[in-house]
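What follows is a set of notes on a single structure, which appears directly below.
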Amino acid sequence: MQSDEVIDLNSRSTSTTCLYARLSPRQKAITGLSETNSKGPCLNCSSISLVFLLLWNISPTHSYEIHHPVEDSGGTSLYLNATMPSDNWHYSWKIPDLDLSKNIKSVLPFDIIHSSHYGVYTLHRKVDCNRLNHNPVQLNVKSVKSEFHVNNFTVKAAVVVPYYVFLSGHDCQVFHKEWQRERLHGQNGQVAVTLLIPSASHLNTCFKKGRSVTSLYSFIPLQYHECKVQVVSLSQDIFISDPSLFFSFGQERCLDRQIKAKFLVTAICSDSRHIVPYTITLKEVKHISMFSPSQRKSLPQIVSHQTNAAEKFHHKEASHSHDLPQRFPRRVKRQVKNRPPTFPQAQYNTHVKEEQDPGLSVIVITATDQDEGEAGMLVYRMEAYQDLRSSDMFAINPQTGLVNTTKKLDRETMTTHVFLVYATDRALPESERRSASVLLTILVDDVNDHTPTFPATNARIEVPENGEPVREVYKAQAVDGDSGNNAVIRYSILNAGQPNDIFSIETQSGSISTRSSLDREKVSSYKLIIQAMDQCDILNDRRSSTFTLSINVLDENDNSPQFTQDSYVVNLREDQQVSLTKEILNVTAIDADDGLNAQISYRLAGQSQDKFSIDKYTGKLFLIGQLDYEDTPSYQLVVWAEDQGTPSRRNSTSVFVRVIDVNDNSPMFNEMSYSASIDENVVIGTSVVQVQAEDKDSGNNGLVVYSVLNPPKLFPFQIDSETGWIKTSGQVDRETQSMYTFVVKAQDKGDPPLSATTTVVITLKDVNDNSPVFQRRMYNASISEEALKGEQVIRVLATDADEGDNARVTYTIDRGNDKDSFQIKQTQGEGIISVNKKLDARDQNKYILTISATDKDGKSDTVLVYIDILDTNRFAPEFQTNTGYSFEVSEDVDIGTSVFSVVAIDRDRGENARITYSLQGSSVFTIDPDTGVIKVQQKLDRETVPAYMLTAIATDNGKPPLNDIAEIAVTVKDVNDNKPEFQKNKYFGKVSEDALVGTKILNVTAIDKDDGVYGQVKYTFDGGNDGNGAFSIDNQGWIRLAKLVDRETIAAYDLVVVAVDSDPIKPQSSSVVVHIDVDDVNDNAPVFEASTFTVKIDENSPIGSTVAVIKADDPDEGVNALVVYSIASGADSDSFELAGRPGDPAIIVTRINLDYESNKQSYEIVLRAASGTLISTAKIIIQVQDVNDNPPVLEDFSIIYNNFGGSFPIGPIGKIPAFDPDVSDRDKLIYKILSGNKADLLYLNESSGEVTLDPRLNSDVPRTGVFQMSVS
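The opening residue of the sequence shown carries number 1136 in the working numbering; numbering runs sequentially from there.
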């Protein structure tokens, strides 16, 4: 007894049913089972055997039924849809066993319009029930298809489907009793399917064991495909695959004549249930292209239900009990037999070159399916798995699985394309189709389609001269969008000849360095053409670009100004006009340096600045004070030229100004007038008196010639024109003339000559008798050798006791007056000794003069006068340099340290040669006044004052003192006492995560106040921490990208940049933090927590109920992290939708009512998460959970038992065919017998529902009975 009966799912109450038992005549009488309690006819059986047979309840239809109200006027409403699955069926219809002599309308009182191609039947006019002979009316629809696929064969197919048309309405009568009788006895028509298989040889056609033949879905009208279809095989050794409904043989079967396969098909629809028997006949015929008339005879003919009654599955009884499982319908558990396709590989990887024309074949991906027929035929499709852009670049042939490009690829835009390739079979119905998927990764191989690119076509840099001989000055950096060797760049200098050969380039890094020190004064600028060439494996395909680097050599102050002449001489008349606009000389210096280092300023040094000035900018020398040859006949000027560099450099030259004398001084007599007396008896030639005049001019302008103006006739005197001595030239006679008065002129030899006059009075006197007597017996005097002519040395005095002229004394120098160096003059009785010629203490520093005092009679006295010639301060001290001094001093020198000394020499002697030193220009230094040693008295700092200009003064102790000055250029020599200083406390930069290697990010700058190598700064990362190789820094402070970065791995970097000076011994350094943010690009697809989610939802949940809330995280940020969800197309995609706002997780809600008891307890959708063009998917398996929303179902059933001798069963003979749609309650059913079992002829297990016969029924007496049972 079979228990798996299919029941009506719409029942909603505790089920009760009646059980009909038929007992054969041979059964013994059973007390308590009365004939009156039986419902239904008894079977009068004469068989000795006893068999119990469980029959199905008669509530479902045993055919396809059509119920139609007669109120339909016809013409529009759907009457019958017999359309078969797939195309190319041809349809026709007829009434079985219709007597053609009768009017068809007596059987079918209405017209039917149908299409031979679509199988749709509609009413033509309204039905008249008064004319009905039969209700329901049997209508057989035949469907024929010329080409139908069975296994590997193409066959001809014909299907005859009986429909029973029930007409309802006023005056319509349904022949219930007859119809119920036919249903009860299984006399309704069945579906007949004939498949004609062409034979190609003498061999029989065979079907292998387990090989799918065809699907019953192909022969079930399309309108019932929405119903739940169950099939039971009624033929031995024929099996059904659930849910595809393919049938196969349990062992190999060959078509020697024909094969018949019988099935019971149950279609459970929303408002009805149809149980229809099917017979499929497979026949082998010769090759035919169309059905011939003879072959049509072999097709199943449309017959009435009476002719087919013998083929009902309950008509033929089994002779043995063990035949029951094959002979009677049973409900079997549906099993998934349509096997999914399989790919031979777990995943596929392939390569394709970029820049190829569209249509390029990439790869062929095929799957295999072991199923037969359309279930084994595959269709391919593919979806972008990571980036939606991939969908526009590739396509797959749905039949062959060939993947090809649809447009040119660009590796630099997308390097990788990932697809999910699906293979789906073509099983029917579509809900039974199976698919498989596999990942396909297409790597785009690079072709050398990008040229190395510099950030700019040219650049200009400045490099100081005189740096380290070998040093990096620039780093050329090009980027190439290709990959591999196509992106490897080698650098070279195309114009590497002179003068550019002083530079070299590192071929791999692009670092440009000097080979030796630069000298701006030789070459001030360079222009290098840098080439970047990729390393494509094919030499002819290599690509390159150039970049022009202009290098200006920055000047360092390494050249001093140079005068155009070593010295200058200028002659100036002493009457030269003073002027500030007309120069007397233009001195010029040239500096080979540049800029401020070549800007020269001029200045005068020395103590002649009251007479001369110089223009600071032009070097023009002006006379600003009146010259006086007699005061200063020449000037020695020192002109300094100093550049504006730091520290400055200077040079000096001498300008000798010779003052040219002009006759601007008249001779000047020493006395206003002269007088003398002589004896009248003096001899001719006697010297009477000397007149003296001095002229301050020089040369002829200073030579004086004396003469007597207008002398009278017989004038007894004459004058020496050179000495001015007036002597007697004739005999004088007092008695003739006692006094002579005349004018003496002193005239120089200038042009024109200048002169002066004086009056001379000579008186004649008598003879003298007393000798003069000096008041002192010795005189001492001293005079400077610088004394001018006429300058008084000493006065001597002698007196004469006589009177008058006899007492007049005349002084003379008798001896010791070497070189006539002195002269003596007489004034008011005294003898004045004065300088007559230039004295020189170095030639003679002492004179002893014998001075005579003589009266007119020649009487005389003598005295010695000792004259010391003082070594006067004739020479100024002279420093031992012509260009000034210069020295360097280290800035870290201790206070009090001697750093330099100056020396001056004075050619004088004594105090005139004793020199005292002093210093002007800065209080930082001091000089020892005696030794000239210069010391530091304040702390030096080169960065504050890099140089000093001092003036050293050497002054002698003469009277007046003389001095010399010397300029001292002091250069403060740098020591490495300053760290490089960054211009900012912290630097900030940003770089896009898709930036190419070599991209400039930012520039850091540190300045070192030191000089030279101490001030040359290099940069590095502290501890080598360059972001794990992500960044590089050059000596210009440029931070570049050294390798690709990923913001999702590291979003920001905090680097420490160290600036180090170039001190080779003890370098100084400082550091600064550089923060670099990695800007996000949309390079990450959203990521689900899992690739598959299994969620559960109770059945009967309202539409719009939340199934699951699932979120995909995108590691990007901002708008790049915004995830948009969608449900990918699929079999179940229309059953669910997404709710929620943009930016929220995906909220999956229902769009349909979910019913666990339907044929679908599990749904599968694909949730897609997209961020821009990047996508990811997750499989969502939605399992419908059973709730107790259905009562058990129990329908009327019958037990027919024929008792054969000795075979009475002692155990359960079967199970009550109750069914609970709720899976969770099926093991909880409780069975009860409500009535009809007062005699306890049946034993019922209330938990299992198993029925056992009482031994009292072991009799040949026929018994019938009706039992009322319930299940809850």
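For each residue, glycine too, the CB sits at the ideal point set by N, CA and C.
Pick from the options that is closest to residue i, judged by C-alpha positions
i	options	result
R1708	I1719, Q1700, T1699	I1719
T1962	N1915, A1933, N1286, Q1700	A1933
E1603	V2209, A1922, G2147, A2165	G2147
G1536	M1549, T1550, R1546, L1555	L1555
A2266	D1669, F1384, D2145, R1568	R1568
Q1365	L1357, Q1371, D1377	D1377
S1407	C1362, N2219, Q1371, T1893	C1362
A2082	D2109, A2220, N1800, P2064	D2109
F2223	V2301, N2288, N2160	V2301
E1490	D1522, R1516, T1550, A1510	T1550
V2213	S2127, T1876, L2137	S2127
F1342	V1367, P1356, F1288, V1296	F1288
Exposure label - residue i; buried when at least 16 CB within 10 Å
i	result
P2277	exposed
Q1643	exposed
G2400	buried
E1938	exposed
E1597	exposed
F2123	exposed
H1585	buried
F1398	buried
Sub-8 Å separation of residue i and residue j beta-carbons
i	j	result
A1502	F1478	yes
D1814	K1746	no
Y1359	A1292	no
N2092	R2049	yes
P1768	V1794	yes
T1576	Q1482	yes
L1758	V1713	yes
R2183	P2250	Residue identity check: residue 2183 is Glu in the sequence provided, not Arg. For E2183 and P2250, yes; Cβs fall inside 8 Å.
V1928	I2040	no
I2185	L1523	no
A1613	P1475	no
Beta-carbon separation (whole angstroms), residue i vs residue j, contact threshold 8 Å
i	j	result
G2349	V2386	6 Å
Q1958	S1969	6 Å
K1880	S1822	Going by Cβ atoms, the distance from K1880 to S1822 rounds to 19 Å, so no, they are not a contact pair.
D2143	V2132	In fact, because the Cβ distance is near 31 Å, the residues do not count as touching under 8 Å.
V2216	S2206	With a Cβ gap of about 31 Å, V2216 and S2206 do not count as contacting.
D2357	D2324	7 Å
Q1670	R1625	6 Å
For residue j and residue i, the rounded distance between their alpha carbons
i	j	result
R1977	R2042	11 Å
T1349	S2405	41 Å
R1950	G1820	21 Å
T1416	I2317	41 Å
E1777	G1754	11 Å
K1229	L1380	29 Å
E2023	I2030	15 Å
I1664	F1589	12 Å
S1680	N2170	24 Å
Y1841	G1925	17 Å
V2258	C1404	42 Å
T1723	P1599	28 Å
H1311	I2334	Bear in mind that the predicted position of H1311 carries a pLDDT of just 49, short of 50, making it unreliable; the figure below should be weighed with that in mind. Cα to Cα, H1311 sits roughly 23 Å from I2334.
A1164	L2388	Because the pLDDT at A1164 is just 27, under 50, the model does not fix this residue reliably, and the point stays unresolved.
N1915	E1806	25 Å
I2211	T2229	43 Å
L1357	H1409	14 Å
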